[in-house]
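Going by the working numbering, the first residue of the sequence shown is number 12, and it counts up by one from there.
Beta carbons: idealized from backbone N, C-alpha and C, even for Gly.
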Amino acid sequence: MAERGASFRRDLSEWRIVLVAWRLLVLQAADPVVAAGMAEHSTYRAHPWRRVEHTLGSGRRLFYQDADALRREVARLERAHKRIRGTGPDGRPYDAGDAATRAWVLLTLFEGVVAMRRLGGDRYDAGELAQAYAEFREAVAVFDLPKGEIPETVGELPAYFARYARERLEHTEAARHLLDDLLREAPAPRRLRFLGDAGWRVVRVVVARAIRELTVADLPPAVRERFGLVRTRRAALLSAVLHRGVGAVVPLLPDRLRYRSPEEHRTPKRHRPHRDGRGPRLDRFFHEVLDQTGDGFITAHDLRAMAHNVCWQLELDEAGEARVYEAFDSWWEQLRAVMDANGDGRVSREEFVAATLAGLDRDEAYLERGLLPALRAVFSAADTDGSGFLEFDEYRAVFGGPRVHPAELSHGFRRLDADGDGRITREEFLAGFTGFFTARADSVPGTELLGRP
12 MAERGASFRR DLSEWRIVLV AWRLLVLQAA DPVVAAGMAE HSTYRAHPWR
62 RVEHTLGSGR RLFYQDADAL RREVARLERA HKRIRGTGPD GRPYDAGDAA
112 TRAWVLLTLF EGVVAMRRLG GDRYDAGELA QAYAEFREAV AVFDLPKGEI
162 PETVGELPAY FARYARERLE HTEAARHLLD DLLREAPAPR RLRFLGDAGW
212 RVVRVVVARA IRELTVADLP PAVRERFGLV RTRRAALLSA VLHRGVGAVV
262 PLLPDRLRYR SPEEHRTPKR HRPHRDGRGP RLDRFFHEVL DQTGDGFITA
312 HDLRAMAHNV CWQLELDEAG EARVYEAFDS WWEQLRAVMD ANGDGRVSRE
362 EFVAATLAGL DRDEAYLERG LLPALRAVFS AADTDGSGFL EFDEYRAVFG
412 GPRVHPAELS HGFRRLDADG DGRITREEFL AGFTGFFTAR ADSVPGTELL
462 GRP
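Structure follows, in structure tokens:
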């Protein structure tokens, strides 16, 4: 068991952080710059659980890396956020590079851990709080924010949060949607897909209501007041029961159950065979991979979101990211030219499946006109040492993640490693994905790799 005491890094990795995760998203989305970026550049509406995982996962990487790895993680964040700028629906310009906003997003991570401990009944004492904040400041110093954006001492935080809530935070559309609507329409998390559509629709009503009440109860009073939200007795009771109950249990758990880790276990799914598996696989590929916004269509925005998610996993320089984006832009142009019959700039699921099947049946080089160049760009980006092969660590950087079981990841790697030499050539990589699209049987290497949101 982990020792009791002040460790911001350790506390951030506790599983009970999920109890304040939605609260964290709402606080971040209440900043107008974050809200505008989410509206214009994020796929959080279609993939809310991915948004939570990205936020918590990025925070964990920031505070668990050595100095060199931390600098690389920060460089990746800065490259990604350089693209998030523009003019919001209200006409106000926004830029994810805004120093005050960056500081706010970082400080909400610290405030979230402090709130988790306080609500769970094991709040930091004054010495522990100062120690945890010193640990936090040491890690975020690599962001090189202007002096004064991150308060010097933990004693300055209450005034900082009160001032920021008063001067900067708004009940933005993104914050309102997170609280009131998103969970009522969210797809099932990966772990609950066994419920099926009907079962999840029933469960979703309860989940949405519980998370909303918990989030409202746990928000800082100044934020609730600014948003016009009321903390009901029922919400306060729910918060107390959940936080105190979980807070009492987690210290009794062994570390492997107490802390978030990529070594968690689940059983990989087995797929039912189909006489011709291409149609169902293409349908799944459309919904879970291509349709990043979840609106039933694919557009240029969806393909660029895919490129963003690939680049997010890798430590690429600007030239490397540009090559990935260029390849995905070219893939979109092929899809648009072949499938966008009415010229409205979007492709429906029916259009995608029918056109892809027709293209595969009539043209052996069909995949070469869009998908395969994009995959070559992904392979080249993942091949960080330029060896011409993907070692398992390089493969994991692209396809791994908190929702991917290590055994499933290893199995997929072995399936692509046709000659069993412990590394994947570009030819093996492309052959696996080609099989996903072209093989009529379901037993092809690519089925273990694709379809992950």
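| task | Using DSSP bridges, identify the partner residues of E25. | result | Note: E25 sits in a beta bridge opposite Y270.
| task | Measuring alpha carbon to alpha carbon, tell me which of R128, G108, D432, R360 ends up nearest K93. | result | Residue G108 is the option with its Cα nearest to K93.
| field | Cβ pair L130, D22 closer than 8 Å | value | It is not a contact, given that the beta carbons lie outside the stated cut-off.
| request: Using beta-carbon positions only, say whether V44 and Y105 come within less than 8 Å of one another. | output: Their beta carbons are under 8 Å apart, which means V44 touches Y105 by this criterion.
| query | Would you call F205 buried or exposed, if buried means 16 or more other Cβ atoms sit within 10 Å of its Cβ? | reply | Exposed, by the Cβ-count rule.
| Whose C-beta lies closer than 6 Å to the C-beta of L293 among residues of the same chain, with five residues either side of it excluded? | Counting only Cβ-Cβ distances below 6 Å, and skipping sequence neighbours, we find V364, T367.
| Exposed unless 16 or more other CB atoms sit within 10 angstroms - verdict on R289 | Counting Cβ neighbours within 10 Å, R289 comes out buried, since at least 16 surround it.
| said: Extract the residue ranges of the alpha helix (DSSP H) inside the segment 83–149, only unbroken runs of 4 or more that lie entirely within it. | reply: As far as the segment 83–149 is concerned, its whole alpha helix (DSSP H) runs of at least 4 residues are 110–130.
| query | How long is the line joining the alpha carbons of T243 and A221, rounded to whole angstroms? | reply | Rounded to the nearest angstrom, the two C-alpha atoms are 12 Å apart.
| said: If I follow the unbroken alpha helix (DSSP H) through P43, where does it start and stop? | reply: In the DSSP assignment, P43 falls within the unbroken alpha helix (DSSP H) covering 43–52.
| task | Taking H254 as part of the alpha helix (DSSP H), name the residues at either end of that continuous run. | result | H254 -> alpha helix (DSSP H) spans 244–260.
| message | Please return the same chain residues whose Cβ sits closer than 7 Å to the Cβ of R82, not counting the five positions on each side in sequence. | response | Cβ within range, chain order: V153.
| query | Can the beta-carbon of D340 be found closer than 8 Å to that of L314? | reply | Between D340 and L314, the C-beta spacing is below 8 Å.
| Does the segment 202–218 come within contact of the segment 233–250, defined as at least 3 CB pairs closer than 8 Å? | With the cut-off at 8 Å, the segment 202–218 and the segment 233–250 do not touch.
| field | Top-ranked residue by Cα proximity to G85, from A199, G354, S359, L327 | value | According to the sequence displayed, residue 85 carries Val and not Gly. For the residues A199, G354, S359, L327, the minimum Cα distance to V85 belongs to L327.
| query | The alpha helix (DSSP H) spanning Y377 covers which residue range? | reply | For Y377, there is no enclosing alpha helix (DSSP H), as DSSP marks it with neither H nor E.
| task | Drop a sphere of 10 angstroms on the beta-carbon of V389, count the other beta-carbons inside from all chains shown, and report buried for 16 or more, exposed for fewer. | result | Classification for V389: buried.
| query | Considering only residues of the same chain and omitting the five flanking positions on each side of L264, which have a CB-CB separation below 7 Å? | reply | So the list is empty, once near-sequence residues are dropped.
| In chain order, each beta strand (DSSP E) run of at least 3 residues that lies wholly inside the segment 179–256 | Correct list: empty.
| said: Between which residues of its own chain and W343 is the CB-CB distance below 7 Å, once the five residues before and five after are set aside? | reply: Scanning its chain for C-beta atoms nearer than 7 Å, with the 5 sequence neighbours on each side dropped, one finds around W343 the residues A311, L314, in chain order.
| For L249 versus I309, is the C-beta distance shorter than 8 Å? | In this structure, I309 does not lie closer than 8 Å to L249 by Cβ.
| DSSP three-state assignment for H276, whether helix, strand or coil | In this prediction, H276 has a pLDDT of 37, which is less than 50 and means its spatial position is unreliable; what the coordinates show is noted afterwards. Reduced to three states, the DSSP call for H276 is coil.
| message | Between the alpha carbons of R87 and A442, how many angstroms are there, rounded? | response | So the alpha carbons of these two residues sit roughly 30 Å apart.
| Per DSSP, what kind of secondary structure is S421 in: helix, strand or coil? | The three-state reading of DSSP puts S421 in helix, counting H, G and I together.
| task | Please state whether DSSP places S359 in a helix, a strand or coil. | result | S359 falls in the strand class under three-state DSSP.
| Among E379, T449, L156, Q303, which has the Cα closest to the Cα of E89? | The residue with the shortest Cα to Cα distance from E89 is L156.
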